[in-house]
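*Asks:*
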Amino acid sequence: MSQGQPRRSGIGQRRAVDGISTSSKKVTIGEALEATAATAGDKPVDASDAAAIQAAEAIATGMNAISGGVAAAAAASANASVDRDEDKTKLGEVVADANMILTDKEATREDAERVVAAEMRNNPDLRTHPGGVGASVLAAAKLNQDR
-11 MSQGQPRRSG IGQRRAVDGI STSSKKVTIG EALEATAATA GDKPVDASDA AAIQAAEAIA
49 TGMNAISGGV AAAAAASANA SVDRDEDKTK LGEVVADANM ILTDKEATRE DAERVVAAEM
109 RNNPDLRTHP GGVGASVLAA AKLNQDR
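So for the sequence shown, our numbering puts the first residue at -11; every next one is plus one.
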């Protein structure tokens, strides 16, 4: 910026929090799932990821099963029998186009709680993965709550 030009106030500018844009529009569940590809995309898909994806998709669509959740479950099942992490299906591959498939359901605190609970229930350590599906939906819900 050259001298003499006024500084912009930040209105209308975009920044990212946990891979999710913070523009003025609300963040959808599909966008939150896509953000997971940026924050934890190299993580091999496991049962807790598949459960969280299925929960998020069920919330966004109102349906119990759609192809993405089924694909995540299949990837988790296949990954369980693969020894090397580099040969496993990664989270980023499963959620990369989620926003194209899912409706425009804005993420809420209640949605995040359901997704986090599904992820934790299916993790032997009863925890979520940092930057994973639950964390991304929770970040989206927090952003939406502040708007």
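We put the beta carbon where it would ideally sit given N, CA and C, even for glycine.
On the CB-based measure, 16 or more other CB atoms within 10 Å of its CB, does R3 come out buried or exposed?
*Replies:* Taking the first residue of the sequence shown as position 1, residue 3 is located at position 15. Model confidence at R3 stands at a pLDDT of 48, short of 50, so the residue's coordinates are unreliable; what they give is reported in the following sentence. Label assigned to R3: exposed.
*Asks:* May I ask you to verify whether the segment 19 to 34 touches the segment 71 to 79, counting CB pairs closer than 8 Å and requiring at least 3?
*Replies:* Touching, yes.
*Asks:* Once DSSP output is grouped into helix, strand and coil, what is the label at D130?
*Replies:* Position 142 of the sequence shown holds residue 130. Before going on, a small fix: residue 130 reads as Lys here, not Asp. Helix, per DSSP.
*Asks:* How is T91 classed by DSSP in three states: helix, strand or coil?
*Replies:* For the purposes of this step, residue 91 is identified with residue 103 of the sequence shown, where counting begins at 1. Coil, per DSSP.
*Asks:* What is the DSSP secondary structure of T24, counted as helix, strand or coil?
*Replies:* Position 36 of the sequence shown, counting from 1, holds the residue named residue 24. DSSP places T24 in helix when its eight states are reduced to three.
*Asks:* Would you say N110 and S36 are within 7 Å of each other, going by their C-beta atoms?
*Replies:* Here the question's residue 110 lines up with position 122 in the sequence shown. Here the question's residue 36 lines up with position 48 in the sequence shown. In this structure, S36 lies closer than 7 Å to N110 by Cβ.
*Asks:* Exposed or buried, which one is T116 when buried takes at least 16 other CB atoms within 10 Å?
*Replies:* Taking the first residue of the sequence shown as position 1, residue 116 is located at position 128. Buried, because 16 or more other Cβ atoms sit within 10 Å of the Cβ of T116.
*Asks:* Do the segment 56 to 72 and the segment 91 to 109 make contact, defined as three or more Cβ pairs closer than 8 Å?
*Replies:* The answer is no - the segment 91 to 109 does not touch the segment 56 to 72, with fewer than three Cβ pairs under 8 Å.
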